[in-house]
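Peer 1: What follows is a single structure, and I will ask about it in a moment.
Protein chains: 2
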Amino acid sequence: MTFNAALDSISTYEAGKPIELVVREFGIKEDEIIKLASNENPLGASPKALQSIIKNAPNIYLYPDDSMFALKESLSQHFQVSTNEIIIGAGSDQIIEFCIHAKANENSKILMAKTTFAMYEIYSKAVGAKVIRTPGEVHNLAEFLEYYNTYHPSIIFLCVPNNPLGDCLDRVDIYKFLKQINEDTLVIIDGAYQEYAKAKDNDKNIDPKELIKSFPNAIYLGTFSKAYGLGGMRIGYGIAEKSIIKALSKLRPPFNVTTLSLLAALEALKDQEHIQKSLQNNLEQMPYFEAFAKEQGFDYIPSYTNFITYLLKEIDSTQISDFLLQRGVIIRNLSSYGLNAIRITIGTKEQNQKFFALFHHFLSQR
Amino acid sequence: MTFNAALDSISTYEAGKPIELVVREFGIKEDEIIKLASNENPLGASPKALQSIIKNAPNIYLYPDDSMFALKESLSQHFQVSTNEIIIGAGSDQIIEFCIHAKANENSKILMAKTTFAMYEIYSKAVGAKVIRTPGEVHNLAEFLEYYNTYHPSIIFLCVPNNPLGDCLDRVDIYKFLKQINEDTLVIIDGAYQEYAKAKDNDKNIDPKELIKSFPNAIYLGTFSKAYGLGGMRIGYGIAEKSIIKALSKLRPPFNVTTLSLLAALEALKDQEHIQKSLQNNLEQMPYFEAFAKEQGFDYIPSYTNFITYLLKEIDSTQISDFLLQRGVIIRNLSSYGLNAIRITIGTKEQNQKFFALFHHFLSQR
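Chain order of the listed sequences is F and S. Reminder that position 58 of the first sequence reads as 58 in UniProt numbering, one-by-one numbering, no gaps. Reminder that position 338 of the second sequence reads as 338 in UniProt numbering, one-by-one numbering, no gaps.
Here is the structure:
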């Protein structure tokens, strides 16, 4: 059977390895495996979200409330924007997909950083758009502006802070940049890790309300998968001027988010105490990873997220990743991004100590 | 901001009204509302699926196992097909979307029945394809064959049994039809209600293994939203020859199904006792709906599903739907399909009796 030609160019996203796979492949017990590969919140979801799931499980035979009334109201209050400035997706991933399908086609160019979230390119290629990347390793707005002026992209992705590297632009610089962008260019500010960035440095804080008021061609993306601890529930959101939301909503399939995901997100958003505890753990544990890198002589990128990226030299990223994997510690090998680097999610103190101990063991064997 | 022109032609799916909306709009208590609008299983999900959700809730901070290993293995055993002949989606809806995006574009024609599942058209229009409909109200394979020969569609949808009408083609007739279709035409056999059809009449039973072995250009779609009682969990599957599955998989976004949905589906599939109980309730209750229609002089279409469609004459479908809605009984007004008709999900005995009583009340007021 023949298919559309665009399928030939689509590559598949390489996800962090799941715990189930390590159980199956290496016979390690599930509760002995530590996953520091996908930047999940090591403290888990809010206990209130869990209670809501358990309480509402008997209603799963019913289709979700497709208006998503309750969660939209709650996000509207949280961000002080109107409900018609909000769209909810199966992860903020799905909002990225809506943006690209709404705005781009085989004649479009889409601008992004050299090393950034892989799904930007995968969704761009699915519509046949041309991907343009700035040359420097971390986000550099001078490069973005130069490439914008040269290539006239229809979409620009800024990942703030950037996954998988951890670098983060300053708000004032982003605003200066946005002032120079044509109002028909959609600028996507991916704030998947914003909770971590603003807890560390308020200069990194992007307020969606302020952003979309000043720049009606910008969309802010947020997720419940990271700090909010709901990675398995597939739920995120976009905030933009209402005509953008209206266009994206046309591409939203009915019932794109499960009933339990909507309820869990509602409770997670209310439980700011759990978020504070999660951010605190991250701020406390990050310095150990920086100290370890310095001790071993690795380069690392100062991180505004809940992960850290080690740029390796003498060690091979695949070798150390496999060594740890076989011993039940899953980290992210960045070789698929063309880097000899590893990305490690900041876990709990116990998880991190096991990572450091195994890494020492690896080094001592060489 | 400008968007792709295709967005202009996209209409939005009109879903059955959720219970939450009736609570909000009419101030009726949640436990007094009866939803007979979206063909959910009135006995709910398998208790084993609920137990699995409750047990696994603490793991929702982790991303799902994107290989969907366990559920694919289980579906593979259930249908006696290979795991590479299976794709899992956020409802079978999402598989419909993958099929259309993989195979169709603005130059394509897509053939379907006059009155059938609305999402076929919505997804077709999203890629700019032309929708061709057979003229008769119910599925008619002579018409399908004539239109196939005239228009050369790249995709044909057969909804077996058909939603929202309830009619159902015989397996032998479908097979005769498929023999006359070119191998480059993708034929989608939507089996969302197959469990109900085959429980009533084995001539309606489509075996996915046999189907795809005989017709490598066919894909079978199944869902956990109806008989399996997981409408709120958004999970369904497609079964086809492995090169089709490979092409569709390129369009599957990572983590398209939640962790709890995968686990719930796994348990629901195992719990065939719960399915049998659900099918039994449906077979027992359907005759009351047929008798009521005869009593009142309505036409109805003999149904092979868990709903029945009344074709109204003197009564207006919007009037009766609104009357019931204001009293806490939600049914589906088919006016958006251009019909003066209503579709009622077969509920439990108690739910159905409330429906009949209110309908009598409505008639007595006229």
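Ideal placement from N, C-alpha and C gives every residue a C-beta, glycine not left out. Note that this is a predicted model, so its numbers are computed, not measured.
1) With K109(S) as the anchor, note down where its beta strand (DSSP E) starts and where it stops.
2) Which one of E314(F), T348(F), S38(F), I53(F) has the shortest CA to CA distance from L363(F)?
3) Under a three-way DSSP split, which group does I95(F) fall into?
4) Under the three-state reduction of DSSP, which class applies to G232(F): helix, strand or coil?
5) I want to see whether chain F comes within less than 8 Å of P287(S), judged by CB atoms only; does it?
6) Just to check my reading of the structure: I346(S) and I320(S) have Cβ atoms closer than 8 Å, yes? What is that Cβ distance to the nearest angstrom?
7) Give the C-beta separation of A264(S) and I53(S) to the nearest angstrom, bearing in mind that I take them to be a contact with Cβ-Cβ under 8 Å.
8) What are the residues of the region 82-97 of chain F that lie near chain S, defined by any Cβ-Cβ distance shorter than 9 Å?
9) Just verifying my parser: in three-state terms, what is the DSSP assignment at L169(S)?
10) In whole angstroms, give me the CA-to-CA distance for T318(F) and L145(S).
11) Establish whether the CB of A264(S) and some CB of chain F are separated by less than 8 Å.
12) Verify the CB distance criterion: does D31(F) have a CB-CB separation below 8 Å to chain S?
13) Report all residues from its chain with a CB closer than 8 Å to the CB of K114(F); omit the five preceding and five following residues, and keep chain order.
14) So within the region 137-212 of chain F, which uninterrupted alpha helix (DSSP H) runs reach at least 4 residues, ignoring any that extend past its ends?
15) Using a Cβ-Cβ cut-off of less than 9 Å, list which residues of the region 178-202 of chain F approach chain S; keep chain order.
16) Return the residue from the list L311(S), P302(S), D322(S), N306(S) that minimises the CA-CA distance to Q296(S).
17) Run through DSSP, which three-state label would Y366(S) get?
18) Identify the continuous beta strand (DSSP E) that holds Y220(F) and give its terminal residues.
19) Which residue's Cα is closest to the Cα of A49(S): D299(S), I181(S), Y228(S), R366(S)?
20) Could you tell me which of A199(S), S336(S), E97(S), R234(S) sits nearest to T305(S), measuring between CA atoms?
21) For chain S, is any of its Cβ atoms less than 8 Å away from the one on T12(F)?
22) Can you pull the chain S neighbours of R234(F), defined as C-beta to C-beta under 7 Å?
23) For Y310(S), report the span of its beta strand (DSSP E) as first-last.
24) At the level of alpha carbons, what is the spacing between A118(F) and Y337(F)?
25) Please name the residue or residues paired with D66(S) in a DSSP beta bridge.
26) Using the C-alpha atoms, what's the distance from Q194(F) back to I156(F)?
27) Starting from A341(S), trace the beta strand (DSSP E) in both directions and tell me its first and last residue.
28) Which residues in the same chain have their Cβ closer than 7 Å to the Cβ of F356(F), if we skip the five residues on either side of it in sequence?
29) Give me the Cβ distance between I19(F) and K35(F), rounded to the nearest whole Å; I'm assuming they're in contact under 8 Å.
30) Interface residues of chain F around F69(S) at Cβ under 8 Å?
31) Sort I235(S), E97(S), Y220(S), P253(S) by Cα distance to K242(S) and report the nearest one.
32) Less than 8 Å between CB atoms is the rule here; does Y63(F) satisfy it with respect to chain S?
33) With a cut-off of 8 Å on the beta carbons, I'd call E121(S) and V131(S) a contact; round off their distance for me.
34) What are the partner residues of A240(S), as DSSP defines its beta bridges?
35) Out of S154(S), E73(S), A70(S), N107(S), which has the shortest C-alpha to C-alpha gap to C99(S)?
36) For a test of the three-state rule: what should DSSP assign to I132(F), helix, strand or coil?
Peer 2: Reading off the structure:
1) 109-112
2) With distances taken between Cα atoms, L363(F) lies closest to E314(F).
3) helix
4) Here DSSP, grouped into helix, strand and coil, assigns G232(F) to helix.
5) Look at P287(S): its C-beta is not under 8 Å from any C-beta on chain F.
6) Their Cβ separation, rounded to whole angstroms, is 18 Å, which puts I346(S) and I320(S) out of contact at 8 Å.
7) Confirmed, Cβ separation roughly 6 Å.
8) A90, G91, D93, Q94, E97
9) Coil, per DSSP.
10) 56 Å
11) yes
12) no
13) R133, T134, P135, G136, E137
14) 141-151, 171-178, 194-200
15) Those residues of the region 178-202 of chain F that come within reach of chain S (Cβ to Cβ, closer than 9 Å) are E183, D184, T185, L186.
16) L311(S)
17) The identity of residue 366(S) in the sequence shown is Arg, whereas the question assumes Tyr. Coil, per DSSP.
18) Counted as a single uninterrupted DSSP element, the beta strand (DSSP E) harbouring Y220(F) occupies residues 218-223.
19) Y228(S)
20) A199(S)
21) yes
22) F255, T258
23) 307-311
24) 8 Å
25) DSSP lists no partner for D66(S).
26) 18 Å
27) 341-345
28) The residues are F292.
29) 6 Å
30) Ordered by position in chain F, the residues that pass the 8 Å Cβ test against F69(S) are E20, L21, R24.
31) Measuring from the Cα of K242(S), the nearest candidate turns out to be Y220(S).
32) yes
33) 5 Å
34) I219(S)
35) Taking the Cα of C99(S) as reference, the smallest distance to any Cα among S154(S), E73(S), A70(S), N107(S) is reached at S154(S).
36) strand
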